[in-house]
Amino acid sequence: MNQERKGLNTICTHVGEVEDKQFKGATSPLFMSSSYAFQDVDVKRYPRYFNTPNQEALCKKVAALEHVEAGLIFGSGMAAISTSLMAFLKAGDHIVLQNALYGGTFNLVREEFEKFGIEYSFTEGLRPEDFEAKIKDNTKVLYIETPSNPLLRITDLKAITALSKKYSLISMIDNTFASPVNQNPADFGIDIVIHSATKYMGGHSDICAGAVASTEEYIERIFQLAKNFGGSLSDQTVWLLERSMKTMGLRVKAQNKNAQRLAEYLDKHNDISAVYYPGLASHPDHALAKSQMLGFGGMLSFELNEAIDASLFQKSLRLIKPSMSLAGVESTVISPTQTSHALMSADERDRQGIRDGLIRFSVGIEEPEDLIADIEQAIQKIKVQATITTH
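In terms of my numbering, the sequence shown is residues 626 to 1016.
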């Protein structure tokens, strides 16, 4: 069957299933073995080689969702990111990364690359000329993240592809915030697509995983390093991830709809000073997002007025959970300065516009009216407390 002709929800539901030949069950059987036969077999299977029955099958689903030839799944998003980067970089090489990145990726580069003799440059902005200005003779990789964490800025996929081809570079993207439901970077020519599968692919805040999708050639190169780094995923988690991905299309589209509604509500709120969501016409990258995304995503960020303490606000919420991760079916909020970007210096955060009052909002699948009511009661509670204190 031609996977490219299947619809999104059909791919989510059926591609990469393991057939239950013995009992004909409706779901993939789970193969928990860590030891397989080596004689008279077509494939010598071993968990660290990413080729157990459940691992191998799920990689096909990842590839089909991102419209590419092959995929790999990892024990975490950072395992996927670090292995992919190191597969294409060696001592003496140089990489250009956009300045707005997930804190874990930023820390990996700043804290580890010098040990391996790898040079790096962060862009000043997200325009194509910002990337081109940092390219050197020894540059090998362009690395982007769009929408970015936590300010939801958008990077031009076509422009990055054009630069990569012009200078014979490998282009990589962290596609976690968008998910394959909302954005397929390979359709725009990006070489390697990376996900923290903990997030929208998992979608239930109960597993940790990573994924990479690309051509067979590039996945083979990543695999050769991955089997030595040992970042494979347990089959129990693989099975749970496949289960979760069956509903990803439905979940993410519901989250898109809710996030748009919440962004519009927050944008008009007198106690909110700024809202960052590419689905708003006021967002600086709205037109670009519209041109390369199928949906604007379930992530947004906002800043409360200075009179509303961000920490007290989160503690006052009753339905929305202050929680470290994102993209689950439940709505969550965090302060990036205390979590995802806490290891960055205050100056580095300030240069990116990540202020102490910024709140990142992962919108879930609840009824939007209930989410709005929760935000309203939290703000009003803080206002009442402030009035009592001043008197």
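We put the CB at the ideal spot given by N, CA and C, even for glycine. Quantities reported herein were computed from a predicted structural model and do not represent experimental measurements.
- Only residues of its own chain outside the window of five on either side were considered, and among them ASN724, ASP755 and ALA758 have a CB closer than 8 Å to the CB of GLU749, listed in chain order.
- As DSSP reads the structure, ASP799 sits in a beta bridge with GLU770 and ILE819.
- Taking 3 residues as the shortest admissible run, the region 889-914 contains the following complete beta strand (DSSP E) segments, listed from N- to C-terminal end: 897-901.
- A buried status is given to SER830, since no fewer than 16 other beta-carbon atoms sit within 10 Å of its beta-carbon.
- Going by C-alpha positions, GLN963 is about 30 Å away from LEU782.
- In the structure shown, HIS829 falls within a coil segment according to DSSP collapsed to helix, strand and coil.
- The beta-bridge partner set that DSSP reports for THR957 consists of LYS946 and SER987.
- Annotation: TYR745 is outside any alpha helix (DSSP H); the continuous beta strand (DSSP E) that includes it extends over 744-747.
- In this chain, the beta strand (DSSP E) harbouring ALA836 covers 835-839.
- Contact between LEU777 and LEU925 holds, since their C-beta atoms are separated by about 6 Å, short of 8 Å.
- For PRO775, same chain residues with a beta-carbon under 6 Å away, outside a window of 5 residues either side, are SER926, PRO961 and ARG985 in chain order.
- Relative to the Cα of ASP667, the nearest Cα in the group THR677, ASN895 and LEU733 belongs to THR677.
- Boundaries of the beta strand (DSSP E) around HIS719: 719-722.
- Shown here, GLU845 sits in a helix according to DSSP, grouped into three states.
- Relative to the Cα of PHE741, the nearest Cα in the group MET711, TYR768, GLU770 and ASN732 belongs to MET711.
- Ranking GLU992, VAL863 and MET703 by CA distance to the CA of ILE798 puts MET703 first.
- Rounded to the nearest angstrom, the gap between the Cα atoms of ASP645 and HIS692 is 26 Å.
- Shown here, ALA884 sits in a helix according to DSSP, grouped into three states.
- With 16 or more neighbouring CB atoms inside 10 Å of its own CB, THR957 falls in the buried class.
- Take the alpha-carbon of ASP910 and the one of ILE779: they are about 6 Å apart.
- Cβ neighbours of SER701 within its own chain (closer than 6 Å, five residues either side excluded): CYS833 and GLY835.
- With the rule of 3 Cβ pairs closer than 8 Å, the region 801-809 counts as touching the region 912-925.
- Between GLU642 and the set LEU858, LEU655 and LEU633, the nearest pair of CA atoms involves LEU655.
- When rounded, the separation of the alpha-carbon atoms in PRO672 and VAL863 is 11 Å.
- With a beta-carbon spacing of about 7 Å, ILE844 and GLY696 fall inside the 8 Å limit used to define contacts.
- DSSP links GLY696 through a beta bridge to ALA838.
- Within the DSSP bridge table, the entry for SER926 names TYR901 and ARG985 as partners.
- Exclusion of the five residues before and after ILE959 leaves ARG985 as the residues of its chain whose Cβ lies within less than 6 Å of its Cβ.
- Per the C-alpha coordinates, the member of ASN895, SER987, GLY856 and LEU944 positioned closest to ALA705 is GLY856.
- Excluding its 5 nearest sequence neighbours in each direction, LYS878 has C-beta neighbours in its own chain below 8 Å: VAL806 and GLY920, listed in chain order.
- By the C-beta density criterion, PHE731 is buried, having at least 16 other C-beta atoms within 10 angstroms.
- About 32 Å separates the Cβ atoms of LEU887 and PHE699, ruling out a contact at the 8 Å cut-off.
- Counting along the chain, LEU865 sits inside the alpha helix (DSSP H) bounded by residues 860-870.
- In terms of CA proximity to ILE636, LYS871 leads the group THR786, LYS871, LEU767 and GLU994.
- Check the Cα spacing between ASN800 and each of VAL687, GLN680, SER746 and VAL900: the tightest is with VAL687.
- Between the C-alpha atoms of ALA912 and ALA884 there is a straight-line separation of about 18 Å.
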